Amino acid sequence: MHLAIRLALIGCVFASSPGHAADEPFQTQIAGPVAAKVVKVRDGDTVEVEAYVWPMQSVHVAVRLRGIDAPEMHGKCPAEKAAAARATDRLKALLDTDHVYLTDISGGKYFGRVLARLGVDGNADLGRTLLKEGLVVPYQGGKRRDWCDDARLRSDAERPAKAGSVL
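Counted from 1, the sequence shown has number 118 at position 110 by our numbering; the numbering is strictly sequential.
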């Protein structure tokens, strides 16, 4: 009889305990850092990484750099394409190592990629560096800049690039 009472009490305890995993929503923001390896630089504001999410587990994901917008590689005009090449080349130069880390991570607008800050040892936010260097513009969503209307870019595109220059 005592065994039946014990089993009934144990059953009551488990039945009344909250199911945390089922009750909590999916996490939509991760502070990081999450270690990653750069697989490819797509353009001045998007990279592909292999992110190490758990021990011996990784995920291949596209990462849009948070807070910036770079000109498009397949832009509407020669000036935008030239500016895109400069931003992309500079991001590649800043990535002097394949090993990076992601912080301030969340789902992207279309959730085919994530938004995050991309850092390396000694530089916690490569996007901010590109912004300070004038290669990208601030972006918090909404309407994007029309790079082809920028007279400064048009004049830059008309000048020949110096040999060995990344900017």
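For glycine and all other residues, C-beta sits at the position ideal for the given N, C-alpha and C.
Every value quoted in this text rests on a predicted model; they were computed, and no experiment measured them.
What residues match up with residue 88 in a beta bridge as DSSP calls it?
-> Residue 88 is not bridged to any residue.
Please report how far the alpha carbon of residue 113 lies from the alpha carbon of residue 121, in whole angstroms.
-> 10 Å
Whole angstroms is fine: what's the gap from residue 156's alpha carbon to residue 64's?
-> 45 Å
Residue nearest to residue 62 in terms of C-alpha spacing, selected from 83, 48, 40 and 70 = 40
Three or more C-beta pairs closer than 8 Å, one from the stretch 133–153 and one from the stretch 92–105: is that the case here?
-> yes
How many angstroms separate the CA atom of residue 37 from the CA atom of residue 138?
-> 24 Å
What is the DSSP secondary structure of residue 73, counted as helix, strand or coil?
-> strand
Beta-ladder partner(s) of residue 44, from DSSP = 59 and 108
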